[in-house]
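>
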Amino acid sequence: MPSRIQNIVTFISSCMSMATAGAMFSFSVVEGGIKEKLQLSSSDINTITGVGNSSLYLSFLFIGPLYDRIGARWTLFLGALIFASGYLLMFFALDLKIASSTVAMSVYYFIVGIGSTCSYMACVGANVKNLGGTSYEGKALAILLLCYGLSATIFSQICISYFLNNAGGLLLFSAIVVGVVNLIAAAFTFETASLSTLSTEKRSSSIASVQIVSSSNRVQVSKSFESGEFKETIKLIGATSEPESTMQILTSPLFWCFALTLIFMQGLTYMTDFFMILEAAEGQQRVESDPDGVARQNAMHVTIMSVFNSLGRLTIPLFCDLFISYRTKFDRSILLLICQVLALVSTIILAAGAQSQVALIACSVIGSYAFGGAGATFPVLTKDFFGTKRYGTACGLVMAGVPAGILLSNLIFGVFYDAESNGAKKCLTPSCYSKSFSVFSGIQCISIVTAAIVFGLRMSKKQV
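For what it's worth, the working numbering labels the leading residue of the sequence shown as 12, then goes sequentially.
1) Can we count Phe286 as close to the ligand COA, meaning its CB is less than 6 Å from some heavy atom?
2) Name the two residues that bound the continuous alpha helix (DSSP H) containing Asp284.
3) Could you have a look at Cys374 and say whether DSSP puts it in helix, strand or coil?
4) Would you mind listing the alpha helix (DSSP H) stretches within the stretch 275-357 that are 4+ residues and don't spill past its ends, in chain order?
5) Quick check on the burial criterion: 16 or more other C-beta atoms within 10 angstroms. Buried or exposed for Phe266?
6) Quick check on Met410: buried or exposed, where buried means 16 or more other Cβ atoms within 10 Å of its Cβ?
7) Would you call Thr339 buried or exposed, if buried means 16 or more other Cβ atoms sit within 10 Å of its Cβ?
8) Which class does Asn177 belong to by DSSP, given the choice of helix, strand or coil?
9) Work out the CA separation of Leu261 and Gly467 for me, nearest whole Å.
10) Take the Cβ of Arg214 as the centre, count every other Cβ of all protein chains shown within 10 Å, and call the residue buried at 16 or more, exposed below.
11) Classify Thr440 as helix, strand or coil using the three-state DSSP reduction.
12) Take Ile195 and list the residues in its own chain whose beta-carbon comes closer than 8 Å to its own, dropping the five residues that flank it on each side.
13) From this set, Lys400, Leu361, Ile349, Ala370, which residue's C-alpha is nearest Tyr380's C-alpha?
14) When you compare the CB positions of Leu155 and Met29, do they come within less than 7 Å of one another, or not?
15) Beta carbon of Ser458, beta carbon of Thr280: below 7 Å?
16) Would Asp284 be called buried (16 or more neighbouring beta carbons within 10 Å of its own) or exposed?
17) Hey, would you say Ile45 sits closer than 7 Å to Ala163, going by beta carbons?
18) Can you tell me which of Leu353, Glu148, Ser447, Ser445 puts its alpha carbon nearest to the alpha carbon of Leu333?
19) By Cβ distance below 7 Å, which residues in the same chain neighbour Leu99 in space, the five residues on each side in sequence not counted?
20) Would you mind stating whether Cys406 and Phe71 have Cβ atoms separated by less than 7 Å?
21) If distances are taken between C-alpha atoms only, which option among Ile359, Lys472, Gly453 comes closest to Phe341?
22) Helix, strand or coil for Ile423? Go by DSSP, reduced to three states.
23) Alpha helix (DSSP H) containing Met132: first to last residue?
24) Measure how close the beta-carbons of Thr58 and Thr128 come, nearest whole angstrom, since I'm counting them as under 8 Å.
25) Just how far apart, CA to CA, sit Tyr159 and Gly33?
26) Take Glu290 and list the residues in its own chain whose beta-carbon comes closer than 7 Å to its own, dropping the five residues that flank it on each side.
27) Are the CB atoms of Phe448 and Thr358 within a distance shorter than 7 Å?
28) Counting beta carbon pairs with one atom in the stretch 306-315 and one in the stretch 420-435, are three or more of them shorter than 8 Å?
29) What is the DSSP secondary structure of Ser37, counted as helix, strand or coil?
30) Report, in whole angstroms, the separation of the C-beta atoms of Leu347 and Thr388, which I expect to be a contact under 8 Å.
31) Using the rule of at least 16 other Cβ atoms within 10 Å of the residue's Cβ for burial, across every protein chain shown, is Ala198 buried or exposed?
32) For Pro76, name the three-state secondary structure that DSSP assigns.
33) What runs of the alpha helix (DSSP H), each 4 residues or longer, lie entirely inside the stretch 50-101?
34) Looking at the structure shown, is Ala365 part of a helix, part of a strand, or coil, going by DSSP?
35) Does Asp55 pass the burial test, meaning 16 or more other C-beta atoms within 10 Å, or should it be called exposed?
36) Relative to the alpha-carbon of Phe275, which residue among Lys400, Leu49, Thr257, Ala354 has its alpha-carbon at the smallest distance?
Below, the structure is given as structure tokens:
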């Protein structure tokens with residue numbers, strides 16, 4: 012099969028897989044059912060979501076190097092088995108057939124996250140390698156991340172239509188879908204080289220060099236005559252030199268600032284705990300008199316968050332390509348900085364105790380777009396900063412510390428929420444979330460500072 016056809020087939024299968032990989036972001040549509048069925052507290056639910064969401068990042072530490080070693084196809088195959096197993100374990104726990112404590116559910120959800128990471132790493136890695144240096148790289152990545160972001164919309168809408176107030180049914184459905192789809196994707200995933208050394212048997216005594224420009228990189232094509240053979244070598248110009256070792260990545264100031272930006276960025280806690288925020292904003296009377304209305308409102312916000320998360324993942328890679336196409340004097344890491352500023356706007360609104368639907372919709376729109384956009388810069392900037400030779404390893408190292416930020420944010424939210432509830436099962440006043448988001452606003456400022464340093468370091472390198 013020609014490599015061009017393989018690239019197209021891989022891209023299509025990757026879109027299918029990515030449409031399941033982000034299913035975890037729809038957890039808020041089942042957390043109420045899980046909390047009620049297993050008699051868990053808000054802190055327990057936050058522990059489960061914190062551990063599960065942490066696995067999306069922590070597992071990069073070993074999935075990245077594993078991908079570098081075994082490739083995309085086998086990473087997807089392994090991910091399909093792990094992904095489905097995690098959801099099945101949660102289903103059986105909810106049915107009280109196996110251990111269903113907070114610790115057990117956290118372990119099961121962590122397993123789900125590992126499967127999700129396998130799908131993400133394999134799909135993004137394969138397409139970055141296949142299409143790197145072509146005019147399709149940014150567009151392909153944008154579509155893949157769009158599929159990833161739309162996962163929550165797909166699963167939340169399925170929940171509304173078929174599994175409303177049936178968390179167990181949705182967990183079982185998710186297990187079947189993620190298993191089957193990712194197994195199919197693994198069978199139709201290929202990795203080809205887009206930039207390579209080409210040899211022909213044309214005999215020539217001439218030596219030539221020419222530069223061409225693609226939408227994502229400048230490329231140098233060098234032709235030479237060696238040992239009676241004519242060779243043509245293609246290489247990127249101005250690209251960051253490939254690190255020779257893991258230690259070289261770890262000792263880079265750029266690495267630490269990039270990692271800290273992603274560690275302290277806020278947004279995930281809002282998305283995963285939105286149902287509790289919504290109940291607190293609506294108040295006791297509305298929650299008790301119209302629980303189905305609140306549930307539908309929650310589903311609507313999950314859809315809004317998924318759509319704008321997807322828009323962030325769709326548009327930011329396109330903007331990344333525009334920075335190269337128009338040869339702007341700014342480095343495209345400025346997009347990461349812009350996303351951090353937008354995330355701060357969302358946390359400040361919630362810190363002010365806003366409870367109107369307009370304010371909550373604004374937070375869902377702005378915060379989700381910023382979170383999705385920052386996520387979209389991750390694969391692009393990781394390649395810009397550290398190259399593709401150790402791409403999986405670099406991804407793993409950058410993501411390794413993110414769980415600490417997630418757990419910290421979830422812990423802060425849970426502690427303030429429970430403190431404001433005064434021992435009640437639910438906390439139903441704006442202060443239940445405003446105090447924690449005041450802290451989150453301060454933490455988000457750290458991300459803005461480190462993102463600004465990343466941009467400064469990249470700009471100083473451009474000027475050298």
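We treat Cβ as the ideally placed atom computed from N, Cα and C, and that holds for glycine.
Inspection of the coordinates gives the following:
1) The ligand COA is not part of the structure shown, which contains no ligands of any sort.
2) Residue 284 sits at position 273 when you count from the first residue of the sequence shown. Here Asp284 belongs to no alpha helix (DSSP H), and DSSP marks it neither H nor E.
3) As a working mapping, residue 374 is identified with position 363 in the sequence shown. In this structure, Cys374 counts as helix in the three-state DSSP scheme.
4) 279-283, 285-293, 295-300, 302-336
5) Position 255 of the sequence shown, counted from the first residue, corresponds to residue 266. Phe266 comes out buried.
6) In the sequence shown, residue 410 corresponds to position 399, counting from 1. Flag for Met410 reads buried.
7) As a first step, residue 339 is located in the sequence shown; it is residue number 328 there, counting from the start. By the 10 Å Cβ count, Thr339 comes out exposed.
8) The residue given as residue 177 occupies position 166 in the sequence shown. Residue state, collapsed to three classes: coil.
9) The residue given as residue 467 occupies position 456 in the sequence shown. The residue given as residue 261 occupies position 250 in the sequence shown. Whole-angstrom Cα-Cα distance: 19 Å.
10) By one-based count along the sequence shown, residue 214 stands at place 203. Reliability fails at Arg214, whose pLDDT of 35 lies under 50, so the model's placement of it is uncertain and no value is given.
11) For this step, residue 440 is matched to residue 429 along the sequence shown. Coil at Thr440, not helix or strand.
12) By one-based count along the sequence shown, residue 195 stands at place 184. The residues are Ser24, Met27.
13) For the purposes of this step, residue 380 is taken as the residue at position 369 of the sequence shown. Tyr380 has its Cα closest to that of Ile349, out of Lys400, Leu361, Ile349, Ala370.
14) Your numbering for residue 155 matches position 144 in the sequence shown. Your numbering for residue 29 matches position 18 in the sequence shown. In contact: Leu155 and Met29 (Cβ atoms closer than 7 Å).
15) As a position in the sequence shown, residue 458 is number 447, starting the count at 1. As a position in the sequence shown, residue 280 is number 269, starting the count at 1. No, they are not a contact pair.
16) By 1-based counting over the sequence shown, the position of residue 284 is 273. Its Cβ being crowded by 16 or more others within 10 Å, Asp284 is buried.
17) As a working mapping, residue 45 is identified with position 34 in the sequence shown. As a working mapping, residue 163 is identified with position 152 in the sequence shown. No, the Cβ-Cβ distance between Ile45 and Ala163 is not below 7 Å.
18) Position 322 of the sequence shown, counted from the start, is the residue given in the question as residue 333. The residue with the shortest Cα to Cα distance from Leu333 is Glu148.
19) Position 88 of the sequence shown, counted from the first residue, corresponds to residue 99. Here the set comprises Ala186.
20) Position 395 of the sequence shown, counted from the first residue, corresponds to residue 406. Position 60 of the sequence shown, counted from the first residue, corresponds to residue 71. Contact flag set, yes.
21) Taking the sequence shown and counting its residues from 1, one reaches residue 341 at position 330. If we check each option's Cα against that of Phe341, Lys472 comes out closest.
22) As a position in the sequence shown, residue 423 is number 412, starting the count at 1. In this structure, Ile423 counts as helix in the three-state DSSP scheme.
23) Along the sequence shown, read from residue 1 onward, the residue named residue 132 stands at position 121. Segment 113-142, the alpha helix (DSSP H) holding Met132.
24) What you label residue 58 is simply residue 47 of the sequence shown in a count that begins at 1. What you label residue 128 is simply residue 117 of the sequence shown in a count that begins at 1. Wrong, their Cβ atoms sit about 20 Å apart, outside the cutoff.
25) Working through the sequence shown from its first residue, we reach residue 159 at position 148. Working through the sequence shown from its first residue, we reach residue 33 at position 22. When rounded, the distance between both Cα atoms is 5 Å.
26) The residue you call residue 290 lines up with position 279 of the sequence shown. Around Glu290: Val298, Val305, Lys437, Leu439.
27) The count along the sequence shown starts at 1 and reaches residue 358 at position 347. The count along the sequence shown starts at 1 and reaches residue 448 at position 437. Their beta carbons are under 7 Å apart, which means Thr358 touches Phe448 by this criterion.
28) no
29) As a working note, residue 37 is residue 26 in the sequence shown. If DSSP states are grouped into helix, strand and coil, Ser37 belongs with the helices.
30) Walking along the sequence shown from the start, residue 347 turns up at place 336. Walking along the sequence shown from the start, residue 388 turns up at place 377. Indeed, because the Cβ distance is near 5 Å, the residues count as touching under 8 Å.
31) Within the sequence shown, numbered from 1, the residue matching residue 198 stands at position 187. Burial call: exposed.
32) Position 65 of the sequence shown holds residue 76. Correct three-state label for Pro76: helix.
33) 53-69
34) Taking the sequence shown and counting its residues from 1, the one referred to as residue 365 is at position 354. Note: Ala365 maps to coil in three-state DSSP.
35) The sequence position of residue 55 within the sequence shown is 44, counting from 1. Counting Cβ neighbours within 10 Å, Asp55 comes out buried, since at least 16 surround it.
36) In the sequence shown, counting from the first residue as 1, residue 275 sits at position 264. Nearest C-alpha to Phe275: Ala354.
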